[in-house]
Amino acid sequence: MPTAALPDTRQSDLVRAARREPVSRTPVWFMRQAGRSLPEYRAIREGVPMLESCMRPELVTEITLQPVRRHGVDAAIFFSDIVVPLKAIGVDLDIVPGVGPVVARPVRTAADLDQLVPLTPDHVPFVTEAVQTLVRELGETPLIGFAGAPFTLASYLVEGGPSKNHEKTKALMHGDPELWDALCGRLAQISGEFLRVQAQAGASAVQLFDSWAGALSKADYAARAMPHSAVALAAVEDLGVPRIHFGVGTGELLRLMGEAGAEVVGVDYRVSLTDAVERLGRGYAVQGNLDPALLFAPWEALERRVREIVEEGRRAPGHIFNLGHGVLPNVDPDVLTRVTALVHDCSSRG
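The structure is reproduced here in structure tokens:
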């Protein structure tokens, strides 16, 4: 699809907020909005393994559109998983229900790096197809592309799966920094190209997820993670799409995450937006940051917190309302619909 034929989302509230421009109302979307909280998602995914569902364009398209239809959110987030590009280049891994990504051959030596070949668009034609279809379907509603950050991907590859303490990851990072940087260097290319494929196909913004970055000290993040995230984010710099950088437990890292090359810094629920703006300065928009657990609270309590966050966001250079992490599986989807309407109502500038 030629770029000229793409719908123009530059005047959408999502893109304008990301660029710190005036908006008609605070834009809202939810991490993991396309997922298990929706009965229509569970129905369409029945019997289909996670990785397969991420590689079938018609499924990706439908799942991505579901929360936009239901909740009226201001952006769609591309349905995929951070390990999809690794699977696409031939890494032997699977997403095990109830566990997460499990890697058959963890990276422990330099020889293990040979499974990480450079990602090209030819590895992920299903992504290009799905993004192009989604952009046509969404019209003026922006699509956000995403990828996993090198540190988080490296953690899965080194540990062989999810880890609470990242002990093998940190042992490698400190014990063999040369191998660590070689690993993350390959992952930076993979993550950056995955973002670029989505942006070139028509995504209006991209988000780099560094789910486990909060496990690092500020010094370790600056030395061993941030430079590789910067490479990934730089891969789309020339395309002019806003870049969102998000991690969990990253209150001490916010400024560095912005400096890595983002226009928007995601803030989890542990840090107020007011404090986040103070730490970041005025050069970044912020995204966040309702505690996902509060979606289970009585409406009066939830409404009060949503209004507080919207008010805090008014004082930021730009604000995109979101959760401080992802939608939990057992959330009543009607609550998300009500939160979306409330944010729109209480933030309207019109």
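My numbering puts the first residue of the sequence shown at 72, with every later residue one more than the last. Built from N, CA and C at the ideal position, the CB exists for glycine as well.
In angstroms, rounded to a whole number, what distance separates the CA positions of residue i and residue j?
| i | j | result |
| --- | --- | --- |
| Leu-250 | Thr-180 | 7 angstroms |
| Ala-347 | Leu-122 | 35 angstroms |
| Leu-431 | Ala-259 | Missing from the structure shown is residue 431; the chain here goes from 72 to 421 and no further. |
| Glu-111 | Pro-404 | 11 angstroms |
| Asp-381 | Gly-322 | Correcting the residue identity first, residue 381 is Val in this sequence and not Asp. Near 19 angstroms, if we compare the C-alpha coordinates of Gly-322 and Val-381. |
| Gln-186 | Val-119 | 26 angstroms |
| Leu-407 | Glu-383 | 20 angstroms |
| Met-297 | Leu-327 | 7 angstroms |
| Leu-266 | Val-307 | 7 angstroms |
| Leu-361 | Ala-175 | 36 angstroms |
| Ser-288 | Arg-295 | 10 angstroms |
| Cys-255 | His-245 | 14 angstroms |
| Arg-140 | Gln-104 | 11 angstroms |
| Leu-366 | Asp-183 | 43 angstroms |
| Val-202 | Glu-211 | 14 angstroms |
What does the Cβ neighbour count give for residue i, buried or exposed, with the cut at 16 atoms within 10 Å?
| i | result |
| --- | --- |
| Thr-97 | buried |
| Arg-353 | exposed |
| His-194 | buried |
| Pro-156 | buried |
| Gln-82 | exposed |
| Trp-100 | buried |
| Ala-75 | Per-residue confidence for Ala-75 stands at a pLDDT of 48, beneath the threshold of 50, marking its modelled position as unreliable; the derived number appears in the next sentence. Label assigned to Ala-75: exposed. |
| Gly-263 | buried |
| Phe-392 | buried |
| Ala-372 | exposed |
| Val-154 | buried |
| Gly-169 | exposed |
| Val-167 | exposed |
Does residue i come out as helix, strand or coil in the three-state DSSP assignment?
| i | result |
| --- | --- |
| His-142 | helix |
| Asp-405 | helix |
| Gln-186 | helix |
| Leu-399 | coil |
| Ile-166 | strand |
| Gly-171 | strand |
| Val-377 | helix |
| Gly-285 | helix |
| Gly-246 | helix |
| His-299 | helix |
| Gln-278 | strand |
| Gln-82 | coil |
| Leu-394 | strand |
| Phe-217 | strand |
| His-237 | coil |
| Val-338 | coil |
| Gly-318 | strand |
| Gln-269 | helix |
| Leu-361 | strand |
| Ala-306 | coil |
Below 8 angstroms on the Cβ atoms is my guess for residue i versus residue j; work out the distance and round it to an integer in Å.
| i | j | result |
| --- | --- | --- |
| Glu-230 | Pro-177 | 7 angstroms |
| Ala-356 | Ala-89 | 5 angstroms |
| Gly-320 | Asp-291 | Actually they do not touch by this definition, with Cβ atoms about 14 angstroms apart. |
| Ser-95 | Asp-84 | 6 angstroms |
| Asp-302 | Val-277 | Residue identity differs from the one stated: residue 302 is Val in this sequence, not Asp. The Cβ separation is near 14 angstroms, so there is no contact. |
| His-299 | Phe-222 | 7 angstroms |
| Pro-363 | Val-398 | 6 angstroms |
| Leu-310 | Gln-271 | 7 angstroms |
| Val-268 | Pro-192 | 5 angstroms |
Say whether chain B places a C-beta atom closer than 8 angstroms to the C-beta of residue i.
| i | result |
| --- | --- |
| Gln-271 | The structure shown contains no chain B; it holds only a single protein chain. |
Checklist entry - Can we say the segment 237-250 touches the segment 201-213, given the rule of at least three CB pairs closer than 8 angstroms? => result no
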